[in-house]
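Just below is one structure, and these are the notes that go with it.
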Amino acid sequence: MSKTREMTAPLLEISHLSVMLKKRRDRLKAVDDLSFKVYPGEILGLVGESGAGKSMTGSAILGLIDPPLYISSGEIIFDGNRIDQNASSIRGSKISMIFQDPLVSLNPLRKIGDQLVEAIRTHINMSKAEAFDRAKTLLAEVGIDPRRINAYPHTFSGGMRQRVVIALALAPEPSLIIADEPTTALDVSVQAQILDLLKRLCRERGTSIILITHDMGVIAETTDRVAVLYAGRLAEIGETASVLNSPRHPYTKGLVAATPRIDADSYKKKLFQIPGAMPDLEQIPQGCAFHPRCDFANAQCKIQQPPLFEDRSACWLLKDGSEIS
Amino acid sequence: MLIIILRRLLQAVMVLLFVALISFLIFRFVGNPVESLLGQEATVAQRAALENALGLNDPIYEQYANFVWRALQFDFGNSYRGALPVAELIALRLPATLELAITSAIFAVIFGVITGIYTAINRGSMMTNFILSTSLVGVSLPTFLIGVLLIWLFSVELNWLPSFGRGEVVDLGWWTTGYLTVSGLKSLILPSITLGLYQMTLIMRLTRAEMLEVLRQDYIRLAVALGQSKRQVYFFHALPNILIPVITITGLQLGSVIAFAIITETVFQWPGVGLLFINAVYFVDIPVMSAYLLLVGFAFVVINLVVDLLYLLIDPRLRDGQLRKEV
Ligand SMILES: Nc1ncnc2c1ncn2[C@@H]1O[C@H](COP(=O)(O)OP(=O)(O)OP(=O)(O)O)[C@@H](O)[C@H]1O
Ligand SMILES: [Mg+2]
Chain F
1165 MSKTREMTAP LLEISHLSVM LKKRRDRLKA VDDLSFKVYP GEILGLVGES GAGKSMTGSA
1225 ILGLIDPPLY ISSGEIIFDG NRIDQNASSI RGSKISMIFQ DPLVSLNPLR KIGDQLVEAI
1285 RTHINMSKAE AFDRAKTLLA EVGIDPRRIN AYPHTFSGGM RQRVVIALAL APEPSLIIAD
1345 EPTTALDVSV QAQILDLLKR LCRERGTSII LITHDMGVIA ETTDRVAVLY AGRLAEIGET
1405 ASVLNSPRHP YTKGLVAATP RIDADSYKKK LFQIPGAMPD LEQIPQGCAF HPRCDFANAQ
1465 CKIQQPPLFE DRSACWLLKD GSEIS
Chain V
335 MLIIILRRLL QAVMVLLFVA LISFLIFRFV GNPVESLLGQ EATVAQRAAL ENALGLNDPI
395 YEQYANFVWR ALQFDFGNSY RGALPVAELI ALRLPATLEL AITSAIFAVI FGVITGIYTA
455 INRGSMMTNF ILSTSLVGVS LPTFLIGVLL IWLFSVELNW LPSFGRGEVV DLGWWTTGYL
515 TVSGLKSLIL PSITLGLYQM TLIMRLTRAE MLEVLRQDYI RLAVALGQSK RQVYFFHALP
575 NILIPVITIT GLQLGSVIAF AIITETVFQW PGVGLLFINA VYFVDIPVMS AYLLLVGFAF
635 VVINLVVDLL YLLIDPRLRD GQLRKEV
């Protein structure tokens, strides 16, 4: 798959994106020189601990960065056009979004059908009646009885509501969906259903997904490629199988080791934890942001920020193409 | 749904009975009706006869029941002064007060909601800051002072608007209205502003706070992320969600507008029930006072009832009896 991917043009290309936070006199970097691509039809995972800048990256793509935050440098190119200056034209129509909590993602006072019709007619020129029919089809596709089109959100369970939200996101036929922790608020069995549904519908339509999560399990089951973020920087990026099976960056190794595995004697082992915590924006260390928590850090790591080696991992230990053990 | 409405109606009746009780107690025990009616020179026999005639010797609960029964038929007894039926006095003056209250409520709601939404959407703009700081003046000045200032500016200095009375009114038989003549409308302006200014500020601040709160909600962020226009976001998504608290406060305020009309009516010599009440207090005209109390209580209860029924109309979650939104 990776060969064919390199030959097609990327759907979304982010290069050297930085997002700054203005705090009185200070300028803090929340997203730092981030570059990655999303190809048509693929599911890219964005993973990292809380505060890594995952949501902010998603907001930046949609042009939803508001003061005191601002995009300080970089380019976002979607389908051949720069959108970092003017994202409103693609918002919703070409790129749409799904948020974490389905309980608050729907307007409580509007029938789900009305909300769908509103979302459809915002981007597609059709009559109310046509949009209504389309809304019904969409509901059926996400596994909701179309006869409930006139129901209010509060009559649905969390999982059902997230299905409605997915229908809402798919309504204008976007080519990219940014899903920000779409299943975190749901219980585990529902999580799997929702992810399967999202994956299936996007595969059918050739829609790409950026799936934001902090759950390595979700990454493993759902994504084609994964980008690991740490303190607003890209730590590692690559094919999901490769990154999970042979992580190159010590942070990725830590994340993988910290993921519970269900096997016969898993309950005996104490789960690994990466020592320390992600730094606040004010206290991002010099050099590699991860070095204070890293077992392998050397003198260079403390001074200089590592570039991305081999299009894969930003870690000085990979400088000579050698792998750390 | 029906049960919710019935329960709410029952509550309203209970509250009204309680208001009636207080009003009855004032009627019965403040001052002495016999003395007020007969004067101090009356003989013991005359007094006893009147006491019997008025039913003052009946058991107290019977008197209360009688009071309620008569009130239901708009019989509040006769005024001590002039001996006219109280109901007639009030009916004569109610149109003036209601027109004043309604005009000022409409003024307060329209300007309050518009400026509230405007200042929420345009946070930090010059205009917003100006509106917010002038509105502070609106809440901190007492009503009578605002009235006097308005009279001084628009009646005395500029001579644009009348300073007292209702102007010419048209008699429709059961109602007198100032809405149909130029002088009637002009006369309404200053008192309405005076009476409605405080409520307007309140509604504005509430609308603004609610709007800011709603705009932070995920469904708004989602609507923006899905590319919906500002108009769609503000009017399709945000506005319905601020209606409940705004209607609540507006309703409650309408009640107090009627109650506080007393001050405005005094300042502008507005011939409404408020002024009637002030004069009644002055002459210790107990039946008028107790009827006025009953009237204001009734207005509050009815308005609250309407507000609650409007909730049901707006919020499907309440219709299903699922949750009671705290406001
Ligand atoms: N409006 C804001 N003002 C100030 N700081 C902010 C703001 N929004 C985000 N941040 C900071 O920017 C950093 C990145 O935030 P972001 O929400 O992108 O993290 P995340 O990776 O999505 O985390 P989570 O998993 O908790 O959602 C965090 O340190 C956060 O505290
Ligand atoms: Mg987030």
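The listed protein sequences derive, respectively, from chains F and V.
When you read off a place in the first sequence, starting at 1, and then add 1164, the result is the number in our numbering.
When you read off a place in the second sequence, starting at 1, and then add 334, the result is the number in our numbering.
Where a beta carbon is used, it is the ideal one built from N, C-alpha and C, also for glycine.
Whole-angstrom distance between residue j and residue i, CA atom to CA atom
i, j, result
"Y645 of chain V", "E544 of chain V", "16 Å"
"P1204 of chain F", "R1364 of chain F", "15 Å"
"G561 of chain V", "I1276 of chain F", "18 Å"
"H1180 of chain F", "R1246 of chain F", "13 Å"
"R542 of chain V", "T468 of chain V", "15 Å"
"P579 of chain V", "V641 of chain V", "10 Å"
"G1323 of chain F", "L1303 of chain F", "13 Å"
"A1356 of chain F", "L643 of chain V", "42 Å"
"A625 of chain V", "S357 of chain V", "7 Å"
"A405 of chain V", "A346 of chain V", "16 Å"
"K1483 of chain F", "P1456 of chain F", "19 Å"
"S590 of chain V", "F632 of chain V", "12 Å"
"E660 of chain V", "R1425 of chain F", "Unreliable placement is indicated for E660 of chain V, whose pLDDT of 36 sits below 50; the coordinate value is still reported in the next sentence. In a straight line, the C-alpha of E660 of chain V is about 45 Å away from that of R1425 of chain F."
"I1501 of chain F", "A1216 of chain F", "An answer regarding residue 1501 of chain F cannot be provided, because it is not within the stretch 1165 to 1489 covered by chain F."
"W509 of chain V", "L609 of chain V", "18 Å"
"Q407 of chain V", "Y616 of chain V", "27 Å"
"R1298 of chain F", "E1177 of chain F", "31 Å"
"A1331 of chain F", "L1280 of chain F", "8 Å"
"L1198 of chain F", "L652 of chain V", "47 Å"
"N456 of chain V", "N613 of chain V", "47 Å"
"E433 of chain V", "Q587 of chain V", "15 Å"
"T1377 of chain F", "T1386 of chain F", "11 Å"
"W604 of chain V", "L336 of chain V", "42 Å"
"C1465 of chain F", "L1362 of chain F", "40 Å"
"L1273 of chain F", "L340 of chain V", "24 Å"
Partners in chain F for residue i, counting only beta-carbon separations shorter than 7 Å
i, result
"F570 of chain V", "E1282"
"D649 of chain V", "L1273"
"Q603 of chain V", "Going along chain F, no residue has its Cβ under 7 Å from Q603 of chain V, so there is no contact; the nearest lies around 46 Å."
"V712 of chain V", "Chain V is shown from 335 up to 661; residue 712 of chain V falls before or after that span and cannot be answered."
Bridge partners - residue i, DSSP secondary structure assignment
i, result
"M1261 of chain F", "F:I1342"
"A1391 of chain F", "F:L1210, F:I1401"
"V1183 of chain F", "F:V1195, F:I1235"
"D1484 of chain F", "Per DSSP, none; premise fails for D1484 of chain F."
"E1177 of chain F", "F:K1201, F:I1241"
"L511 of chain V", "Leu is not the amino acid found at residue 511 of chain V; the sequence shown has Thr there. In the DSSP output, where bridge partners are listed per residue, T511 of chain V has V:V504."
"T1423 of chain F", "Answer is none; T1423 of chain F lacks a bridge partner."
"T1377 of chain F", "F:V1211"
"D1190 of chain F", "F:K1187"
"S1477 of chain F", "F:E1400, F:F1473"
"N412 of chain V", "V:P419"
"S1372 of chain F", "F:L1340"
"R1255 of chain F", "F:I1259"
"R1246 of chain F", "F:I1241"
Contact set between residue i and chain V, taken where Cβ atoms lie within less than 7 Å
i, result
"V1268 of chain F", "Q551, D552, Y553"
"D1243 of chain F", "What D1243 of chain F touches in chain V: nothing, since even the nearest Cβ is about 15 Å away."
Per-residue contacts from residue i into chain F (C-beta, under 8 Å)
i, result
"N575 of chain V", "N1271, P1272, L1273"
Beta-carbon neighbours of residue i, restricted to chain V and to distances below 8 Å
i, result
"T1286 of chain F", "L560, G561, Q562, S563, Q566"
"R1255 of chain F", "V558, A559, L560, G561"
"H1318 of chain F", "P650, R651, D654, Q656"
"S1252 of chain F", "G561"
"M1261 of chain F", "L556, A559, L560"
"L1332 of chain F", "L556, L560"
Cβ separation of residue i and residue j, assumed to be a contact under 8 Å, to the nearest whole Å
i, j, result
"A454 of chain V", "F401 of chain V", "At roughly 49 Å, the Cβ-Cβ gap does not stay under 8 Å, so A454 of chain V and F401 of chain V are not in contact."
"G585 of chain V", "I537 of chain V", "About 11 Å; that fails the 8 Å criterion."
"G512 of chain V", "L519 of chain V", "7 Å"
"V1116 of chain F", "V1390 of chain F", "Only positions 1165 to 1489 of chain F appear in this structure, which leaves residue 1116 of chain F out of reach."
"S438 of chain V", "S517 of chain V", "Contact flag wrong, Cβ pair sits at about 18 Å."
"G606 of chain V", "A430 of chain V", "4 Å"
"N1271 of chain F", "Y553 of chain V", "5 Å"
"F1242 of chain F", "I1401 of chain F", "Their Cβ separation, rounded to whole angstroms, is 19 Å, which puts F1242 of chain F and I1401 of chain F out of contact at 8 Å."
"L1208 of chain F", "A559 of chain V", "Going by Cβ atoms, the distance from L1208 of chain F to A559 of chain V rounds to 18 Å, so no, they are not a contact pair."
Within chain V, the residues that residue i reaches when beta carbons sit closer than 9 Å
i, result
"H1413 of chain F", "Within chain V, no residue comes near H1413 of chain F; the closest Cβ sits about 31 Å away, beyond 9 Å."
"D1265 of chain F", "D552"
**OP:** Could you tell me whether the segment 1260-1268 of chain F touches the segment 1335-1349 of chain F, using the rule of 3 or more Cβ pairs below 8 Å?
**Re:** yes
Subject >> At least 3 beta-carbon pairs within less than 8 Å: the segment 1389-1405 of chain F vs the segment 1213-1230 of chain F >> reply: yes
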